[in-house]
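Numbering (mature numbering (1 follows the signal peptide of the UniProt record, and there is no 0)) for the sequence shown: -28 to -1, 1 to 451.
No residue lacks a Cβ here, since even glycine has one placed at the ideal position from N, Cα and C.
The structure appears below as structure tokens.
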Amino acid sequence: MSRNSVSRISRTLVATALAVAFAGAAQAQVASSHSAPKVIGPVQVNATPGAGLTKDYPHFGAEPNFDLTASGYVEEEFFLEGQATRYETPSMQNAVAVSNGHPYKTRILVRKPSDPAKFNGVVIVEWDNVTSGYGIDLHWQYSREYLTRAGYIHVGVQAQRVGVHNAPNGLKAWSPTRYGDLDVTAGGTVMDDSLSYDIFTQVARALKGPGKQELLGSMKPRAVLAVGQSQSAGRLTSYYNSVQPLHKAYDGFLVQVAGGPFRTDVKEPMIRVLSESEVNRSRVLARQPDSPTYRGWEVAGASHVDYWWVMFRHGMAVRDGMPPPNLACQPEPASHVPLRFVLNAGYHHLAKWVLDKVQPPSATPIQVASMDPFAIARDGHQIAQGGIRMAEVDVPTATNRGDQVGMSPGCPGNYGMHVPFGAQKLAQLYPSKASYVQAVEASVQRNVQQGFVLPQDGEEIVRRARNSPVGTGRPVPIH
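Right, dumping it as structure tokens:
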């Protein structure tokens, strides 16, 4: 072989090695080129919620049926601006960084104690659900009484294209005056929400790093927890399995009425709370056993969307000019089992898991009578057996289910159903007011001892029972 040939081969090998090294370095640079975003705000509120054509106030903020000020809280809206990385998230594997440097600007809505001394040290960051064509912070809406009572900070995040860009109720179309320059698509070049994972990561970085003072003032978080509901629980599942192992931005996770399966080698703990609606054949086959980092809770009689949230959303939607939920179904739609009380216990246990290494209780799953055809085991009242059993199913005054039987056409299938018992049946079950109240008290006491209902929420359930006409012979209101 000639000297020139050897020289050419050597140059080729060197060039190839350099190319491989450069490609590896570039990939490493893509994977590590994350930073905390710029924090803009708090954004001034220039219109009364529900009034004025400009809608220059926070979208789905300052809800009309909950007095935030009386709870000792303030609500502030911020814009976050930065450069985000695109990720591919293969199932149950670490994410792959595709490209970085994509500009974005989005909004977060922060509810925090007005007195820093009330802050309990835990920030809950919610990936807003966008199923309705706009972003909704459902965890806040379900649990705002508990979160404010216990001193949490709640941060709602608009991470996805639908919540920001969708017409007519995404942020930009809903109020061009306030949100016209927001963008989570890098100028329309990234339309698949692959930036959303890094946007969500950067929110945690802002809360823990340079943006902490602007967002939280003197309040210093000891734990930052990520939560999502339904559609956003699915996104958070991908985040947990693929992105969290890379950056460990969040300290713990809780998903509601969706999500999973979850990797077992992620160190940060996960709690999944399912209603009866999600306990179908596929979910049962995909059940995960509890582990040192995972708890799965199933709530008998609860529905994917329950009565309490439908009532809340109706007022907010009407105020902000969006379609209200369907309330005309027969029999009455939406289970009355208060899933929010189990969620409250979930936040409490997740915080203790993260901060004090105290593991949450395990729950008995909802019982299955048959896999083919699939059927949940039910008692004589047609109420599901097994699962976490709130007083509404343990001491029933109605049949609450997560599915629908005999509903009128057009009823949302995820509402479940609520069919009150007749007067004769109630009289047979509870011949006196005392018998009913005592049964509710015993059920609540079991739930509190098991850890699935917090004591103060248990007191509310008992108080409602004491104020109910059940056992008196008087008519029982539907609600």
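1) For Y76, tell me which candidate among T173, I125, T157 and W269 has the shortest Cα-Cα distance.
2) DSSP three-state call for N386: helix, strand or coil?
3) Got a sec, what are the start and stop residues for the beta strand (DSSP E) L52 sits in?
4) Within 10 angstroms of its Cβ, does V102 collect 16 or more other Cβ (buried), or is it exposed?
5) My understanding is that G358 touches I338, with C-beta atoms under 8 Å, so please give their C-beta distance in whole angstroms.
6) Quick one: Cα of Q216 to Cα of I243, how far?
7) For Q130 and T265, what's the separation of their Cα atoms in angstroms?
8) If you draw a straight line from the alpha carbon of S4 to that of S168, how long is it in whole angstroms?
9) Could you check whether E47 and P30 sit closer than 8 Å to each other, using their CB atoms as the reference points?
10) Within 10 angstroms of the Cβ of M389, are there 16 or more other Cβ atoms? Answer buried if so, exposed if not.
11) Taking 8 Å as the cut-off, does the segment 91 to 100 touch the segment 190 to 205 (at least 3 CB pairs, one atom from each stretch)?
12) Between the segment 106 to 114 and the segment 54 to 72, do three or more beta carbon pairs fall short of 8 Å?
13) For A(-1), which residues of its own chain have a beta-carbon under 8 Å away from its beta-carbon, when the five flanking residues on both sides are left out?
14) Quick check: Q113 and W269, are their CB atoms within less than 8 Å of each other?
15) Using a Cβ-Cβ cut-off of 8 Å (strictly less than) and excluding sequence neighbours within five positions of A(-6), which residues of its own chain qualify?
16) Can you tell which of H308, R116 and D28 has its C-alpha closest to the C-alpha of P392?
17) Need the endpoints of the beta strand (DSSP E) that R259 sits in, please.
18) Indicate whether L315 and Q228 have their beta-carbon atoms separated by less than 8 Å.
19) Just confirm the distance between the C-beta atoms of G142 and V136, as a whole number of angstroms; I'd bet it's less than 8 Å.
20) Inspect the beta-carbon positions of P368 and I360 and report whether they are closer than 8 Å.
21) Would P312 pass as a contact of S115 if the rule is Cβ separation under 8 Å?
22) Does the distance from the C-beta atom of I125 to that of L188 stay below 8 Å?
23) Reducing DSSP to helix, strand and coil, say where E250 ends up.
24) I need the boundaries of the alpha helix (DSSP H) containing A69, first residue and last residue.
25) Quick one: is K27 buried, meaning 16 or more other Cβ sit within 10 Å of its Cβ, or exposed?
26) In the structure shown, what three-state DSSP assignment does T149 receive?
27) State the CB to CB distance for the pair V70 and F50, rounded to an integer number of angstroms; the pair is presumed to be in contact (CB under 8 Å).
28) Under 8 Å, do D237 and V326 count as touching if we go by C-beta distance?
29) Just the C-alpha distance for H321 and A335, rounded to the nearest angstrom, thanks.
30) For F234, which of helix, strand or coil comes out of DSSP?
31) Does the pairing of the segment 431 to 438 with the segment 397 to 412 give three or more beta-carbon distances under 8 Å?
32) Could you tell me which residues DSSP pairs with residue 513 in its beta bridges?
33) Tell me where the beta strand (DSSP E) around F225 begins and ends.
34) In terms of DSSP beta bridges, what is M343 paired with?
35) Assign L197 to one of three DSSP states: helix, strand, or coil.
36) For E186, report the span of its alpha helix (DSSP H) as first-last.
In this structure, then:
1) For the purposes of this step, residue 76 is taken as residue 104 along the sequence shown, with counting starting at 1. For Y76, the closest alpha carbon among the candidates T173, I125, T157 and W269 is that of T157.
2) Within the sequence shown, numbered from 1, the residue matching residue 386 stands at position 414. In the structure shown, N386 sits in a helix (DSSP, three-state: H, G or I).
3) Counting from one through the sequence shown, the residue named residue 52 turns up at place 80. Under the DSSP assignment, L52 falls in the beta strand (DSSP E) whose first and last residues are Y45 to E60.
4) The residue given as residue 102 occupies position 130 in the sequence shown. V102 should be labelled buried.
5) For this step, residue 358 is matched to residue 386 along the sequence shown. For this step, residue 338 is matched to residue 366 along the sequence shown. The beta carbons of G358 and I338 sit about 5 Å from each other, so the pair counts as a contact at 8 Å.
6) Numbered from its first residue, the sequence shown carries residue 216 at position 244. Numbered from its first residue, the sequence shown carries residue 243 at position 271. Distance between the alpha carbons of Q216 and I243: 15 Å.
7) In the sequence shown, counting from the first residue as 1, residue 130 sits at position 158. In the sequence shown, counting from the first residue as 1, residue 265 sits at position 293. Inter-residue distance for Q130 and T265 is about 27 Å (C-alpha atoms, whole angstroms).
8) Within the sequence shown, numbered from 1, the residue matching residue 4 stands at position 32. Within the sequence shown, numbered from 1, the residue matching residue 168 stands at position 196. For S4, the predicted structure reports a pLDDT of 42, less than 50, and the residue's modelled location is therefore unreliable. A value from the coordinates is still provided. Take the alpha-carbon of S4 and the one of S168: they are about 16 Å apart.
9) Within the sequence shown, numbered from 1, the residue matching residue 30 stands at position 58. Within the sequence shown, numbered from 1, the residue matching residue 47 stands at position 75. Yes; because the gap between Cβ atoms is below 8 Å, this pair is in contact.
10) Your numbering for residue 389 matches position 417 in the sequence shown. Under a 10 Å Cβ-count criterion, M389 is classified as buried, with 16 or more other Cβ atoms of the shown protein chains found around its own Cβ.
11) Touching, per the Cβ criterion.
12) Short answer: they don't touch.
13) Mapped onto the sequence shown, residue -1 falls at position 28. Its pLDDT being 42, under 50, A(-1) is placed unreliably in this model, and the coordinates cannot settle the point.
14) Here the question's residue 113 lines up with position 141 in the sequence shown. Here the question's residue 269 lines up with position 297 in the sequence shown. No, these two residues do not count as a Cβ contact at 8 Å.
15) One-based indexing of the sequence shown puts residue -6 at position 23. Its pLDDT being 39, under 50, A(-6) is placed unreliably in this model, and the value from its coordinates should be taken loosely. Within the same chain, A(-6) has no close Cβ partners at all.
16) As a position in the sequence shown, residue 392 is number 420, starting the count at 1. P392 has its Cα closest to that of H308, out of H308, R116 and D28.
17) Counting from 1 along the sequence shown, the entry for residue 259 is found at position 287. That residue, R259, is in no beta strand (DSSP E); it is neither H nor E in DSSP.
18) Residue 315 sits at position 343 when you count from the first residue of the sequence shown. Residue 228 sits at position 256 when you count from the first residue of the sequence shown. Remark: C-beta atoms of L315 and Q228 approach each other more closely than 8 Å.
19) For the purposes of this step, residue 142 is taken as the residue at position 170 of the sequence shown. For the purposes of this step, residue 136 is taken as the residue at position 164 of the sequence shown. So it is a contact: roughly 6 Å between Cβ atoms.
20) The residue labelled residue 368 in the question sits at position 396 within the sequence shown. The residue labelled residue 360 in the question sits at position 388 within the sequence shown. At a Cβ-Cβ threshold of 8 Å, P368 and I360 do not count as neighbours.
21) For this step, residue 312 is matched to residue 340 along the sequence shown. For this step, residue 115 is matched to residue 143 along the sequence shown. Sequence check: residue 312 is Arg here, not Pro. Contact flag set, yes.
22) Position 153 of the sequence shown, counted from the start, is the residue given in the question as residue 125. Position 216 of the sequence shown, counted from the start, is the residue given in the question as residue 188. Against a cut-off of 8 Å, the Cβ pair of L188 and I125 comes out as a contact.
23) Reading the sequence shown from its first residue, position 278 is the one you call residue 250. Helix at E250.
24) The residue labelled residue 69 in the question sits at position 97 within the sequence shown. Run containing A69: none in the alpha helix (DSSP H); it sits in the beta strand (DSSP E), V68 to P85.
25) The residue given as residue 27 occupies position 55 in the sequence shown. By the Cβ neighbour-count rule, K27 is buried, with 16 or more other Cβ atoms within 10 Å of its own.
26) What you label residue 149 is simply residue 177 of the sequence shown in a count that begins at 1. When DSSP states are grouped into helix, strand and coil, T149 belongs to the helix group.
27) As a position in the sequence shown, residue 70 is number 98, starting the count at 1. As a position in the sequence shown, residue 50 is number 78, starting the count at 1. Rounded, the Cβ-Cβ distance is 28 Å, inconsistent with contact.
28) As a first step, residue 237 must be located in the sequence shown, where it is residue number 265. As a first step, residue 326 must be located in the sequence shown, where it is residue number 354. With respect to the 8 Å criterion, D237 and V326 are not classified as neighbours on the basis of their beta carbons.
29) Locating residue 321 in the sequence shown gives position 349, counting from the first residue. Locating residue 335 in the sequence shown gives position 363, counting from the first residue. Taking the straight line from one Cα to the other gives about 13 Å.
30) Here residue 234 is taken as the residue at index 262 of the sequence shown, counted from 1. F234 carries a coil assignment under DSSP once its states are collapsed to helix, strand and coil.
31) Flag = yes, the segment 431 to 438 and the segment 397 to 412 touch.
32) Past the boundaries of the shown model lies residue 513; the chain is included only from -28 to 451, so the question cannot be answered.
33) Numbered from its first residue, the sequence shown carries residue 225 at position 253. Here the beta strand (DSSP E) through F225 covers G224 to Q228.
34) Counting from 1 along the sequence shown, the entry for residue 343 is found at position 371. For M343, which the question treats as bridged, DSSP gives the partners F346.
35) Taking the sequence shown and counting its residues from 1, the one referred to as residue 197 is at position 225. It is a strand residue.
36) Here residue 186 refers to the residue found at position 214 when the sequence shown is read from its first residue. For E186, the uninterrupted alpha helix (DSSP H) run begins and ends at K184 to L188, by DSSP.
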